[in-house]
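At position 220 of the sequence shown (counting the first as 1) the number is 223 in my numbering, and the numbers step up by one without a gap.
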Amino acid sequence: MKKFDQNILDIIGETPIVKLGKVASHIDSDIYVKLEYLNPGGSIKDRIGKYICQTGMDAGELKPGGLIVEATSGNTGAGIALFASVHGCQAVFVMADKQSKEKINALKAMGAIVVLCPTAVEPDDPRSYYSVAAALVQNLDCFYTNQYHNQDNPNSHYHSTGPEIFRQTEGQFDAFVAGVGTGGTISGTSKFLKEKMPDLKVIGVDPKGSILKHFHETGEMTEAHSYVLEGLGEDFIPTTINFKAIDKFITVEDEESFVLTRELLQKEGIFAGGSTGAAVLGAIKYAEGLDKPEKILVIAPDSGSKYVSKIYNNEWMKSHSYKLEPIDEKLAASINSILPKTDVTIV
Ligand SMILES: Cc1ncc(COP(=O)(O)O)c(C=O)c1O
4 MKKFDQNILD IIGETPIVKL GKVASHIDSD IYVKLEYLNP GGSIKDRIGK
54 YICQTGMDAG ELKPGGLIVE ATSGNTGAGI ALFASVHGCQ AVFVMADKQS
104 KEKINALKAM GAIVVLCPTA VEPDDPRSYY SVAAALVQNL DCFYTNQYHN
154 QDNPNSHYHS TGPEIFRQTE GQFDAFVAGV GTGGTISGTS KFLKEKMPDL
204 KVIGVDPKGS ILKHFHETGE MTEAHSYVLE GLGEDFIPTT INFKAIDKFI
254 TVEDEESFVL TRELLQKEGI FAGGSTGAAV LGAIKYAEGL DKPEKILVIA
304 PDSGSKYVSK IYNNEWMKSH SYKLEPIDEK LAASINSILP KTDVTIV
């Protein structure tokens, strides 16, 4: 059994890459998706949870059994919670209240204390999730993973995601596309890949309402507007984003991202979160503007299982007036004709 002598942290990474078929059939470029949702905590953030906490532990800043505090949209929390489980640490996660119930409940079930804060307040408001996390850190004896300003976030991708992609693909692609939140994924991965592939184009995906694309293009801060997509875009500039590592940003909107997220499941069997739909949409928009076809690699950050009450819930889609795929009325009618007239129904 020596071969299985590993814990849950040891199996983070080495995620597979699949090529899209039907969803991108109208473009000549090839789109490849790296399925980061197959990490044990269900997202790419397992990589930073493990790396940041291990680095803290190696430096003596986090003791086994110690307390970890983080401001998270849920995925980094899950990654940190895995580390906390293995090392007997406690964790407190501060979250904005727009995050899905699945993410909040999972963190509580993993043994963490979760603090919910209003989404619709300025970052410097004392009730914002950044401010609350900072207050906890000032007043508790804890290790602050601080994904928005800790350079070990991009460093973790420089040391794991970047080399892994290069090894898996042998550098045989033209463009790398990732959604940007803390910017850790795109900044660290781009730094490694551009060292090996100087001609690589790196495209960031930003939701409409976020300030990142405008800041990249002009250096100016603008006012942010709310949007529904989770994990992407910001209303401030995290110091973990290296704007020089990003060649271009593409804007995507909530509805088109969610519609594509569901299409990825229905047409490709890719059960991913909304930021994957957003990133694939960014890749398609990038491809549509090309003169000649390219090979484009896209990151799928997290699992659809975290959004079953939202994107994968038809009632939720309808409540936002988002477009739903039509059901097969003919098949539904023939099923209905067979069903007992009461108590049994298609849902
Ligand atoms: C679902 C999801 N997608 C994408 C991202 C963006 O990744 P990064 O923070 O590395 O820019 C995040 C970050 O929280 C996320 O939670």
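C-beta: ideal position from N, C-alpha, C; glycine also.
| Query | Result |
| --- | --- |
| Report yes or no: do the stretch 280–299 and the stretch 211–222 share at least 3 C-beta pairs separated by less than 8 angstroms? | no |
| The alpha helix (DSSP H) spanning Asp61 covers which residue range? | 48–61 |
| Considering only the alpha carbon of each residue, which of Glu226, Leu196, Asn317 lies closest to Glu328? | Asn317 |
| Is it right to say Arg265 is buried, meaning 16 or more other beta carbons lie within 10 angstroms of its own, or is it exposed? | buried |
| Name the two residues that bound the continuous beta strand (DSSP E) containing Pro210. | 204–210 |
| Let me check you understand the geometry: is the CB of Asp127 closer than 7 angstroms to at least one non-hydrogen atom of ligand 1? | no |
| Considering only heavy atoms of ligand 1, does any lie closer than 7 angstroms to the CB of Gly24? | no |
| Roughly how many angstroms lie between the CA atoms of Leu143 and Thr58, to the nearest whole one? | 20 angstroms |
| Which of helix, strand or coil does DSSP assign to Glu73? | strand |
| Count the other C-beta atoms from every protein chain shown that fall within 10 angstroms of the C-beta of Pro67, then say buried if there are 16 or more, exposed otherwise. | exposed |
| What are the uninterrupted segments assigned as alpha helix (DSSP H) that are 4 or more residues long and contained completely in the stretch 277–307, given in chain order? | 277–291 |
| Where do the ends of the beta strand (DSSP E) carrying Thr254 lie? | 251–255 |
| Is Ala138 helix, strand or coil by DSSP? | helix |
| Could you give the DSSP three-state label for Gln93: helix, strand or coil? | strand |
| Spatial neighbours of Ile240 within its chain, please: CB distance less than 7 angstroms, with the 5 preceding and 5 following residues excluded, ordered by chain position. | Phe218 |
| Less than 7 angstroms between C-beta atoms, sequence neighbours within five positions excluded: which residues of the same chain meet that for Ile116? | Val95 |
| Ends of the beta strand (DSSP E) at Leu119? | 116–120 |
| For Thr18, I'd like the list of residues in its chain whose CB is within less than 7 angstroms of its CB, leaving aside the five on either flank, ordered along the chain. | Lys37, Leu38, Glu39, Leu41, Asn42 |
| With contact counted as at least three CB pairs below 8 angstroms, one residue from each stretch, are the stretch 151–166 and the stretch 183–192 in contact? | yes |
| How far does the alpha helix (DSSP H) with Lys194 in it reach, from first residue to last? | 187–199 |
| Which residue from Leu235, Val118, Phe252 puts its Cα closest to that of Val205? | Phe252 |
| Could you give the distance in angstroms between the alpha-carbon of Arg130 and the alpha-carbon of Ser340? | 55 angstroms |
| For His162 versus Thr243, is the C-beta distance shorter than 8 angstroms? | no |
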